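The structure appears below as structure tokens.
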């Protein structure tokens, strides 16, 4: 570039002056050479400054790559590997079988007490044993007044306490008896006084096919003989006309 400028200046100067004026031409050439040297120095200084500032400037491509890497690391956090031994040791939860406690009626039975009389049993229901259990009724003095045996085998006879007196004695029980091989089943209701003494028993055969089927079905308790006595029904005698 410098040579081109020098050559251009030389041609221009040569054309402007007469060819025989060598002294003037040489002076102009020296002046031009001095100016060119000065211009060369300035160009070199400018190139040095520009290269220095460019080297200090961050690489745009590297900056973009660095930002992408940082953004990728933020989106996908590092997950620590799990211990394979811990995974193997995890087992499915096992369902624990609940064992019956001593308070369970099926194991230890059940007891009812008189109110106001601590440890005075009113009714005692034993636990089931080989398909059988016993229900005992006590008076306030601890004496057995009545006893029923429930059965749960090829046939069943199950008793339930339906109503209690205010003092804790039993007022009403119902027993359902299913013979198993019969089309009939039976329900028995027994009432008690406030000392657990039996009073009345009513036996009902089901299904009821007729009105006469359950007419004479009530009995009263004979405390002396400890037995049930069938209630007598007075039949009207035909009156002659």
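Residue numbers (this note's numbering): 38 to 278. Every residue, glycine too, gets a C-beta built ideally from N, C-alpha and C. This structure is a prediction, so every number in the text was calculated from the model and none was measured.
- With burial defined as no fewer than 16 other Cβ atoms inside 10 Å of the residue's Cβ, what is the status of residue 159: buried or exposed? In the chain shown, counting from the first residue as 1, residue 159 sits at position 122. So residue 159 ends up on the buried side.
- Task: Tell whether a beta-carbon distance below 8 Å holds between residue 150 and residue 204.
- Result: In the chain shown, residue 150 corresponds to position 113, counting from 1. In the chain shown, residue 204 corresponds to position 167, counting from 1. Not closer than 8 Å, so no.
- Query: Taking the alpha carbon of residue 225 as the point to measure from, which residue in 217, 207, 234, 256 has its own alpha carbon closest?
  - Reply: Mapped onto the chain shown, residue 225 falls at position 188. Selected option, being the one with the closest Cα: 256.
- Query: Among 189, 173, 188, which residue has its Cα nearest to the Cα of residue 182?
  - Reply: In the chain shown, the residue the question calls residue 182 occupies position 145. Ranking the options by Cα distance to residue 182, first place goes to 173.
- Item | Three-state secondary structure assigned by DSSP to residue 182 | The count along the chain shown starts at 1 and reaches residue 182 at position 145. Residue 182: strand per DSSP, three-state reduction.
- Query: Can you tell me the Cα-Cα spacing of residue 188 and residue 262, whole angstroms?
  - Reply: Numbered from its first residue, the chain shown carries residue 188 at position 151. Numbered from its first residue, the chain shown carries residue 262 at position 225. If I take the Cα positions, the gap works out to 25 Å.
- Query: Who are the near neighbours of residue 161 in its chain, counting only those whose CB is closer than 6 Å to its CB and skipping five residues on each side?
  - Reply: For the purposes of this step, residue 161 is taken as the residue at position 124 of the chain shown. Here the set comprises 148, 173.
- Message: DSSP three-state label for residue 79, please.
- Response: As a first step, residue 79 must be located in the chain shown, where it is residue number 42. Note: residue 79 maps to helix in three-state DSSP.
- Query: Measuring CB to CB, does residue 177 end up less than 8 Å from residue 234?
  - Reply: Here residue 177 refers to the residue found at position 140 of the chain shown. Here residue 234 refers to the residue found at position 197 of the chain shown. It is not a contact, given that the beta carbons lie outside the stated cut-off.
- Beta-carbon proximity of residue 229 to residue 206, cut-off 8 Å: Taking the chain shown and counting its residues from 1, the one referred to as residue 229 is at position 192. Taking the chain shown and counting its residues from 1, the one referred to as residue 206 is at position 169. For residue 229 and residue 206, yes; Cβs fall inside 8 Å.
- Query: Excluding five sequence neighbours on each side, which residues of the same chain lie with their C-beta closer than 8 Å to the C-beta of residue 268?
  - Reply: Within the chain shown, residue 268 is the residue found at index 231, counting from 1. Excluding positions up to five away in sequence, the list reads 253, 255, 256, 257.
- Provide the residue span of the beta strand (DSSP E) that contains residue 154, from first to last. Within the chain shown, the letter at position 117 stands for residue 154. Careful: residue 154 lies outside any beta strand (DSSP E) and carries neither H nor E.
- Query: Hey, would you say residue 199 sits closer than 8 Å to residue 222, going by beta carbons?
  - Reply: Within the chain shown, residue 199 is the residue found at index 162, counting from 1. Within the chain shown, residue 222 is the residue found at index 185, counting from 1. No, the pair does not count as a contact, with Cβ atoms beyond the cut-off.
- Message: I need the DSSP call for residue 60, collapsed to helix, strand or coil.
- Response: On the chain shown, residue 60 is found 23 positions in, with the first residue counted as 1. Correct three-state label for residue 60: helix.
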